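The structure appears right after this line, and notes come after that.
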Amino acid sequence: MSPEIAAPPIEKKNYLTALKDAIRLEMQRNPDMICIGEDIGLLGGAFGVTEGLQEEFGADRVIDAPISEAAIVGSAIGMALRGRTVMVEMQFIDFISCGFDQIVNNAATMAYRTAGKASVPIVIRGPSGGYGGGGPYHSQQNEAWFAHSPGLKVVCPSTPRDAYGLMVASLRDPNPVIFYEVKDLYRKREIEEEIPEDTYVPLGSASVVREGSDITIISYGNPMHMCIKVAGMLADDGVEAELIDLRTLVPLDEETIYRSVKKTGRVLVVNEASRTCGFAGEVIARINENCFEYLDAPPLRVTRADTPVPWVQPLELAVLPSVEQIYETALRIAKF
Amino acid sequence: MRRNGKGASFLSTKESKKSKSKPSASNGKPTRKELEQLVEDLRWMYRIREFEDQSMRAFRNGLAGGYLHVYTGMEAVAIGWIGEKREDDPVIAAYRDHAYPMLMGVSPYEVMCEIMGRRDGTSKGKGGSMHLYSAEKHFFGGWGIVGGHTAMGAGLAFAIKYRGEDRVALCFYGDGAANAGIVYEAMNMASLWDLPVVFLIENNQVAMGTRLEYHAADPELHKRAVGFGIEHERVDGMDVIQVRKDAARILDYVRKNQRPYVVEVMTYRFAGHGAADHDQSLYRSKEEVEQAKKRDPILLLSQYLLKHGAIEESDLEQMQKEAEKEMAEVYEKASAAPKPDPHEVYEDVYTDMQPEEGH
Chain B
34 MSPEIAAPPI
44 EKKNYLTALK
54 DAIRLEMQRN
64 PDMICIGEDI
74 GLLGGAFGVT
84 EGLQEEFGAD
94 RVIDAPISEA
104 AIVGSAIGMA
114 LRGRTVMVEM
124 QFIDFISCGF
134 DQIVNNAATM
144 AYRTAGKASV
154 PIVIRGPSGG
164 YGGGGPYHSQ
174 QNEAWFAHSP
184 GLKVVCPSTP
194 RDAYGLMVAS
204 LRDPNPVIFY
214 EVKDLYRKRE
224 IEEEIPEDTY
234 VPLGSASVVR
244 EGSDITIISY
254 GNPMHMCIKV
264 AGMLADDGVE
274 AELIDLRTLV
284 PLDEETIYRS
294 VKKTGRVLVV
304 NEASRTCGFA
314 GEVIARINEN
324 CFEYLDAPPL
334 RVTRADTPVP
344 WVQPLELAVL
354 PSVEQIYETA
364 LRIAKF
Chain R
90 MRRNGKGASF
100 LSTKESKKSK
110 SKPSASNGKP
120 TRKELEQLVE
130 DLRWMYRIRE
140 FEDQSMRAFR
150 NGLAGGYLHV
160 YTGMEAVAIG
170 WIGEKREDDP
180 VIAAYRDHAY
190 PMLMGVSPYE
200 VMCEIMGRRD
210 GTSKGKGGSM
220 HLYSAEKHFF
230 GGWGIVGGHT
240 AMGAGLAFAI
250 KYRGEDRVAL
260 CFYGDGAANA
270 GIVYEAMNMA
280 SLWDLPVVFL
290 IENNQVAMGT
300 RLEYHAADPE
310 LHKRAVGFGI
320 EHERVDGMDV
330 IQVRKDAARI
340 LDYVRKNQRP
350 YVVEVMTYRF
360 AGHGAADHDQ
370 SLYRSKEEVE
380 QAKKRDPILL
390 LSQYLLKHGA
400 IEESDLEQMQ
410 KEAEKEMAEV
420 YEKASAAPKP
430 DPHEVYEDVY
440 TDMQPEEGH
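Taken in order, these protein sequences are the chains called B and R. Numbered according to my numbering, the first sequence spans residues 34 to 369. Numbered according to my numbering, the second sequence spans residues 90 to 448.
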């Protein structure tokens with residue numbers, strides 16, 4: 034056998050580095066792209082997602098903005114109307130409410146109200162979610178607000194590779210995208226993975242994380258990892274779960290959902306956000322509309338309780354979805 | 090009138106004397122070229138006024154959707170400022186937006202079609218009266234959420250700066266919008282980053298039905314620029330000769346210095362807030378409106394042109410008639426134009442348009 038030269042191992046990346054690399058790649062590729070946000074330049078962002086970008090691309094392209102979320106988003110839309118691609122960082126996704134009018138009234142409606150004569154290529158991204166003891170204003174998962182506003186796209190990856198591929202796709206999309214990063218996953222060692230540079234995940238494509246025939250479990254973001262654990266526990270009970278990671282909420286990959294539900298006849302949807310009008314409710318409604326005759330059990334959901342997110346951890350964990358809760362609910366559906 | 094406000098006290102001619110401009114052309118002898126331009130301005134005043142009468146007619150006849158706000162009385166502001174700006178200087182404005190795109194080259198027919206929700210409208214009927222748009226003519230929209238567009242105005246200026254273009258962004262908003270917080274976020278950014286933008290407050294002295302003195306702690310709205318280190322002043326908005334002078338000077342300042350500017354242009358709307366504003370007596374007296382009409386921009390300009398022999402009395406009538414005829418025809422043509430097909434309702438929620446295109 035001829036001696037082989039081993040290819041250098043591709044470095045495994047965490048979720049945060051994946052995002053940073055995707056943003057850097059697009060900044061290199063697209064000279065019309067700008068980043069704007071609070072403390073994203075000199076400090077490299079509150080969590081470090083934009084670390085090194087200002088050094089590499091200059092303060093004209095990586096802009097430290099005043100604490101003015103409404104005007105940050107508003108000015109980003111104005112730039113976008115003249116052909117800029119703008120990445121807007123919300124320091125925490127909770128703060129996005131300060132820019133709400135700009136997003137839902139101005140960015141979301143732009144293509145429609147101009148009959149397709151204008152586009153708003155902006156990505157508003159930021160750290161979201163709980164499990165970190167952040168309290169009511171640093172723990173939210175408020176994607177349903179924006180999924181409810183036609184004209185916006187909504188993304189929430191659960192793995193480093195998807196974070197990278199979806200970020201690239203979002204920054205190349207001519208529509209406004211709200212990008213939910215799971216801050217609890219930013220530096221999680223156990224999910225690090227290799228990411229080829231040309232990784233690209235089209236918006237609107239869900240992934241089947243695990244195949245199974247007995248129950249479909251649908252989720253996205255942080256609870257996806259709980260669902261993976263639960264699938265293992267269910268397998269010990271003889272229940273084979275099929276796991277779907279939505280990755281993109283708008284546009285929603287309905288085909289992948291329905292194909293799975295038609296196969297298993299049983300479905301559980303898990304979202305981290307609060308219950309009422311949460312995205313899990315929307316998924317279940319669509320399954321009822323499209324797959325009712327295939328269902329062998331009522332579709333159920335696991336969500337956060339309808340409370341704000343409390344500060345102290347025992348209370349926080351009590352209101353957020355847990356492995357136990359997902360497991361028990363899945364078992365209930367499987368045994369129905 | 091329920092509460093007795095001070096009336097249109099800001100409309101007196103002494104306002105223009107406070108302005109930092111050289112004296113109005115009415116003090117010196119105008120050139121033939123200046124007079125020709127002013128005659129054209131007068132023609133535009135008639136056209137806009139007639140257009141607005143027709144848009145009101147469309148509303149009354151149920152052809153114009155839910156809400157409509159006319160520019161009647163305020164014509165000199167848009168005519169003067171758009172007249173002095175360069176063609177490619179972008180404009181963004183609030184919801185009383187019929188006049189700007191027409192002055193920037195969008196045809197009255199397209200504007201009327203949008204108001205009437207026809208396929209030939211600037212947004213094929215999906216935007217409507219308050220949301221006209223024409224990027225190709227550098228008009229980046231009328232906007233329906235009061236004050237919300239001012240940050241986009243700063244963004245347009247940011248794009249100018251980023252591209253190294255020799256342009257100035259004009260951001261029109263009203264005295265009511267001046268109380269929205271985002272205006273001050275935008276001003277701070279504009280000053281911080283030296284953005285070439287004019288924040289132009291069209292102060293018609295009443296926010297829908299709330300008078301200036303009841304909605305603004307300090308009714309001199311331009312002073313709010315002080316906190317951001319932005320040059321600011323209050324100028325007249327009824328005498329188009331003065332408006333043009335102030336506009337030229339301020340646009341020149343912004344272009345040369347690459348700094349924002351806040352200008353409060355004092356004006357007055359002779360019509361109600363919206364087409365459905367049925368009882369103006371709740372917030373202003375007939376006497377106040379009559380008083381304000383003594384400085385009707387059409388009156389001021391026609392007196393000036395008559396005095397300088399640029400026109401004769403009969404020309405006024407002629408101009409008025411031509412405008413009437415033109416806009417009545419626009420009304421007829423637009424009302425006969427096709428409406429969008431029902432299937433178009435699902436088009437353009439999302440776009441494939443890459444940002445490079447169309448800008």
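Beta carbons: idealized from backbone N, C-alpha and C, even for Gly. These numbers were taken from a predicted model, which means no experiment stands behind them.
Contact set for residue i: own chain, Cβ-Cβ below 6 Å, skip 5 residues either direction
{"i": "Ile73(B)", "result": "Thr83, Glu122"}
{"i": "Arg175(R)", "result": "none"}
{"i": "Gly361(R)", "result": "Gln369"}
{"i": "Arg208(R)", "result": "Pro427, Pro429"}
{"i": "Ala313(B)", "result": "Val302, Asn304, Arg334, Thr336"}
{"i": "Ala338(B)", "result": "Val352"}
Beta-carbon contacts of residue i that lie in its chain and below 8 Å, excluding the five residues immediately before and after
{"i": "Ser391(R)", "result": "Leu131, Ile400, Leu405"}
{"i": "Ser246(B)", "result": "Glu273, Glu275, Lys296, Thr297"}
{"i": "Arg319(B)", "result": "Leu285, Glu287, Ile290"}
{"i": "His311(R)", "result": "Ile290, His321, Glu322, Arg323, Val351, Val352, Glu353"}
{"i": "Glu173(R)", "result": "Arg333, Ala336, Ala337, Leu340"}
Extent of the continuous beta strand (DSSP E) run through residue i
{"i": "Asn292(R)", "result": "286-292"}
{"i": "Thr289(B)", "result": "Taken as a continuous stretch (DSSP letters only), Thr289(B) belongs to no beta strand (DSSP E), being part of the alpha helix (DSSP H) at 287-297."}
{"i": "Ser214(R)", "result": "Note on identity: in this sequence residue 214(R) is Gly, with Ser being the wrong assignment. That residue, Gly214(R), is in no beta strand (DSSP E); it is neither H nor E in DSSP."}
{"i": "His321(R)", "result": "320-325"}
{"i": "Cys68(B)", "result": "66-70"}
{"i": "Lys186(B)", "result": "186-188"}
{"i": "Phe212(B)", "result": "210-215"}
{"i": "Gly245(B)", "result": "Premise fails: Gly245(B) is in no beta strand (DSSP E) and is neither H nor E."}
Candidates the options, of which the one nearest residue i by Cα
{"i": "Asn138(B)", "options": "Arg299(B), Ile110(B), Ala202(B), Pro229(B)", "result": "Ile110(B)"}
{"i": "Asp437(R)", "options": "Lys396(R), Lys118(R), Lys213(R), Gly233(R)", "result": "Lys213(R)"}
{"i": "Val343(R)", "options": "Phe288(R), His304(R), Tyr303(R)", "result": "Phe288(R)"}
{"i": "Ala336(R)", "options": "Leu259(R), Ile204(R), Trp282(R)", "result": "Leu259(R)"}
{"i": "Pro349(R)", "options": "Tyr420(R), Gly318(R), Arg185(R)", "result": "Gly318(R)"}
{"i": "Met143(B)", "options": "Trp232(R), His187(R), His432(R)", "result": "Trp232(R)"}
{"i": "Ile155(B)", "options": "Cys324(B), Ile67(B), His258(B)", "result": "Ile67(B)"}
{"i": "Met200(B)", "options": "Pro169(B), Asp217(B), Leu236(B)", "result": "Leu236(B)"}
{"i": "Ser252(B)", "options": "Pro190(B), Leu58(B), Ile129(B), Asn323(B)", "result": "Pro190(B)"}
Element boundaries [alpha helix (DSSP H), containing residue i]
{"i": "Asn497(R)", "result": "As displayed, chain R neither begins before 90 nor continues past 448, which places residue 497(R) out of reach and without an answer."}
{"i": "Arg384(R)", "result": "Counting along the chain, Arg384(R) falls outside any alpha helix (DSSP H), and DSSP gives it neither H nor E."}
{"i": "Phe179(B)", "result": "176-180"}
{"i": "Lys53(B)", "result": "48-62"}
{"i": "Cys260(B)", "result": "256-269"}
{"i": "Ile251(B)", "result": "Taken as a continuous stretch (DSSP letters only), Ile251(B) belongs to no alpha helix (DSSP H), being part of the beta strand (DSSP E) at 248-252."}
{"i": "Lys410(R)", "result": "402-424"}
{"i": "Tyr198(R)", "result": "197-204"}
Residues of its chain near residue i, where Cβ-Cβ distance is below 7 Å and the 5 sequence neighbours each way are ignored
{"i": "Val128(R)", "result": "Leu394, Ala399, Ile400"}
{"i": "Ser115(R)", "result": "For Ser115(R), the pLDDT reaches just 49, beneath the cut-off of 50, and the residue's location in the model is therefore unreliable, leaving the point undetermined."}
{"i": "Lys262(B)", "result": "Val356"}
Test: residue i CB closer than 7 Å to a CB of chain R
{"i": "Ser307(B)", "result": "no"}
{"i": "Ser238(B)", "result": "no"}
{"i": "Leu114(B)", "result": "yes"}
{"i": "Asn208(B)", "result": "yes"}
{"i": "Ile110(B)", "result": "yes"}
{"i": "Asn63(B)", "result": "no"}
{"i": "Arg117(B)", "result": "yes"}
{"i": "Asp134(B)", "result": "yes"}
{"i": "Gly107(B)", "result": "yes"}
{"i": "Arg146(B)", "result": "yes"}
{"i": "Pro99(B)", "result": "yes"}
Chain B contact for residue i (CB, 7 Å cutoff)
{"i": "Asp437(R)", "result": "yes"}
{"i": "Ile168(R)", "result": "no"}
{"i": "Ser212(R)", "result": "yes"}
{"i": "Phe229(R)", "result": "yes"}
{"i": "Met145(R)", "result": "no"}
{"i": "Lys174(R)", "result": "no"}
{"i": "Ala275(R)", "result": "yes"}
Complete alpha helix (DSSP H) runs within the region 324-360 of chain B (minimum length 4 residues, chain order): The region 324-360 of chain B contains these whole alpha helix (DSSP H) runs: 346-352.
Within the region 113-159 of chain B, note down every full alpha helix (DSSP H) run reaching 4 residues or more, in order along the chain. Those alpha helix (DSSP H) runs which fall completely within the region 113-159 of chain B and span 4+ residues are 143-146.
Quick one: which unbroken alpha helix (DSSP H) runs of 4-plus residues sit fully inside the region 349-396 of chain R? Chain order, please. Unbroken alpha helix (DSSP H) runs of no fewer than 4 residues, entirely contained in the region 349-396 of chain R, are found at 375-382, 386-396, following chain order.
At which residue ranges does the region 220-244 of chain R contain complete beta strand (DSSP E) runs of 3 or more residues, listed in the order of the chain? Positions of the beta strand (DSSP E) runs, each at least 3 residues long and wholly inside the region 220-244 of chain R, are given as 228-231 in order along the chain.
As an exercise, report each continuous beta strand (DSSP E) stretch of at least 3 residues that is fully enclosed by the region 131-163 of chain R, in chain order. Fully enclosed beta strand (DSSP E) runs of 3 or longer: not present.
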